[in-house]
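Heads up, the thing below is written out as structure tokens.
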Amino acid sequence: MALQCGITGVTNVGKTTIFNCISGTRGEVSSYAFSATKSNMGIVQVPDPRLYELAKYQVTEKIVHTTMEIVDVPGLARGSSHGEGVGNRFLGDIRNTDAIIHVLRCFDSDTLQHIDGSVDPVRDLETIDFELQARDLESVEKKIQKLEKAVRAGEKDAKQGCEVLYKFRDHIGNMDNARTLEIKNEDRKYVDDLFLLTMKPVIYVCNVDEQSALSGNGYVDSVRVHMKGSGSEILVIAGALEAEIAELDNNEDRMAFLRDAGLDEPGVDKLVRAAYRLLNLQTFFTIGPKEIRAWTIKKGMTASQAAGVIHSDLEKGFIRAEVIKYNDFMELHSEHACREAGRLLIEGRNYIVEDGDLLHIRFNV
Ligand SMILES: Nc1nc2c(ncn2[C@@H]2O[C@H](COP(=O)(O)OP(=O)(O)OP(=O)(O)O)[C@@H](O)[C@H]2O)c(=O)[nH]1
Ligand SMILES: [Mg+2]
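Take the sequence shown: its letters are residues 0 to 364, numbered as in numbering that gives the first Met the number 0.
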């Protein structure tokens, strides 16, 4: 299924720093603008405390987290859409992602110059938005030209397509993002094939210094004011601090470090979960003495599709799913007790799996 989240932002705002914290891989962090020459790709564990709760009542050999893919794209600059900076080449890398994490510099530093001379996250946000919009406008224009030809050739459906795309051209041309244009569901098909960059769902991450980890700062406030009413999620993360924490091998040390900063969990864990939600993903569990495991599905997937995520044989030979709700299991503490209490549900292939369901798939091959 491989849904992917891309990290974007202007250069030197801490994208790779944050990427390294969540991916455990080691992309190159440097204070030179545009030093990065390739996108970093990482598989990220999605932290889910419920796994450990389940393990309190189900003895097991191992716990397996579910994962998602994250791409760290080198910094974009003003003019990227027209070939400025190295970022231009990487607009393509963003196009392949399903959601965007937009990192904003919200920290001061005497040593680290900002590419545009001062720290101003709202300006940065607009810089990136503008570049993405410029690219989107090109895509929309191209498709309009094609459709107008089709209209002249008498294709019936093309006219409606044009109408929809004109709306997008006006909207994006007004420096608005495609995602904020409200259109009818049946009209989506005219733009979905363009994979517009500003259509992708986005989370904003304010990268702050250690002192501002808890309560933010003036820069964060300016972002909040700017984004008011947009419905987009804004997270505050102290990137440099989190990088130090991620360096520690020992979990106790990490927790102590976090407590000192007044945090109850790494901010990047929150970020990964937020990205997971943004991608419309949810989790079901399988539990047993060999492993307790979290699996990823898209919202709305059926029991037989979920079975297919585990193994294609389970989907092909699907007979039924035995379902226990997470909360029922936490109340009764065993499959047996849930069965006795009538809380083990027998569901068919079209059952819509809910987040947190414990599934046992019965199948034959
Ligand atoms: N003071 C401070 N410095 C930071 C913080 N986060 C990152 N840095 C520093 O900022 C510089 C750039 O960080 P990177 O993570 O490489 O930035 P980037 O956004 O990936 O940059 P490009 O890949 O060039 O676009 C490095 O010197 C980091 O150590 C932070 O929260 N506070
Ligand atoms: Mg980088």
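Don't be surprised by glycine CBs; every beta carbon is placed ideally from N, CA and C.
Residue i by DSSP, collapsed to three states: which one?
i, result
"His101", "strand"
"Phe129", "helix"
"Leu390", "Residue numbering for the chain in the displayed model covers 0 to 364; residue 390 lies beyond these limits and cannot be assessed."
"Met40", "strand"
"Met300", "coil"
"Asn184", "helix"
"Val352", "coil"
"Leu344", "strand"
"Asp431", "For residue 431 there is no data in the structure shown, the boundaries of the chain being 0 and 364."
"Phe106", "coil"
"Arg319", "strand"
"Leu213", "coil"
"Ile114", "coil"
At a threshold of 7 Å, does residue i count as lining ligand 1 (C-beta to nearest heavy atom)?
i, result
"Phe106", "yes"
"Leu212", "For the sequence presented, residue 212 should be read as Ala rather than Leu. No - ligand 1 has no heavy atom lying nearer than 7 Å to the Cβ of Ala212."
"Thr10", "yes"
"Leu406", "The question about residue 406 has no answer, for the chain in this structure spans 0 to 364."
"Gly172", "no"
"Ala237", "yes"
"Gly215", "no"
"Gly74", "yes"
Beta carbon of residue i: closer than 7 Å to some heavy atom of ligand 2?
i, result
"Asp71", "yes"
"Lys14", "yes"
Of the choices the options, whose alpha-carbon is the least far from that of residue i?
i, options, result
"Gln132", "His170, Asp115, Lys37", "His170"
"Gly215", "Phe256, Met174, Arg178, Arg104", "Arg104"
"Pro48", "Ala305, Asn349, Glu264", "Glu264"
"Asp73", "Glu125, Lys14, Gln44, Val322", "Per the sequence shown, residue 73 should be read as Pro rather than Asp. Nearest C-alpha to Pro73: Lys14."
"Pro366", "Val235, Asn326, Gln57", "Residue coverage of the chain in this structure runs from 0 to 364, which leaves residue 366 outside it and unanswerable."
"Asn392", "Leu343, Asp312, Asp192, Gly347", "With the chain running from 0 to 364 in the structure shown, residue 392 is simply not present."
"Leu146", "Glu162, Arg134, Glu137", "Glu162"
"Glu130", "Ser117, Lys166, Ser38, Arg77", "Arg77"
"Trp294", "Leu50, Leu331, Asp191", "Leu50"
Is any heavy atom of ligand 4 found at a distance shorter than 7 Å from the C-beta of residue i?
i, result
"Asn206", "Ligand 4 is absent from the structure shown, which contains only ligand 1 and ligand 2."
Report, in whole angstroms, the separation of the C-beta atoms of residue i and residue j, which I expect to be a contact under 8 Å.
i, j, result
"Glu334", "Glu60", "No, Glu334 and Glu60 are not in contact; Cβ-Cβ is about 17 Å, not under 8 Å."
"Leu270", "Pro200", "Not a contact, Cβ separation roughly 14 Å."
"Arg319", "Arg361", "5 Å"
"His101", "Leu124", "7 Å"
"Val235", "Val224", "With a Cβ gap of about 15 Å, Val235 and Val224 do not count as contacting."
"Val222", "Glu241", "Not a contact, Cβ separation roughly 19 Å."
"Ala177", "Glu232", "18 Å between Cβ atoms; not a contact."
"Val352", "Ala305", "5 Å"
"Leu196", "Arg134", "6 Å"
"Ala302", "Arg348", "6 Å"
Quick check on residue i - is its C-beta less than 8 Å from some C-beta in chain C?
i, result
"Val63", "Chain labels in this structure do not include chain C; a single protein chain is all it has."
Taking the beta strand (DSSP E) that residue i falls in, what are its first and last residues?
i, result
"Gly5", "3 to 7"
"Val235", "232 to 236"
"Val201", "201 to 206"
"Met67", "65 to 71"
"His359", "357 to 362"
If you follow the alpha helix (DSSP H) that residue i is in, where does it begin and where does it stop?
i, result
"Ala255", "250 to 259"
"Leu57", "For clarity, residue 57 is Gln in the given sequence; the question names Leu instead. Here Gln57 belongs to no alpha helix (DSSP H), and DSSP marks it neither H nor E."
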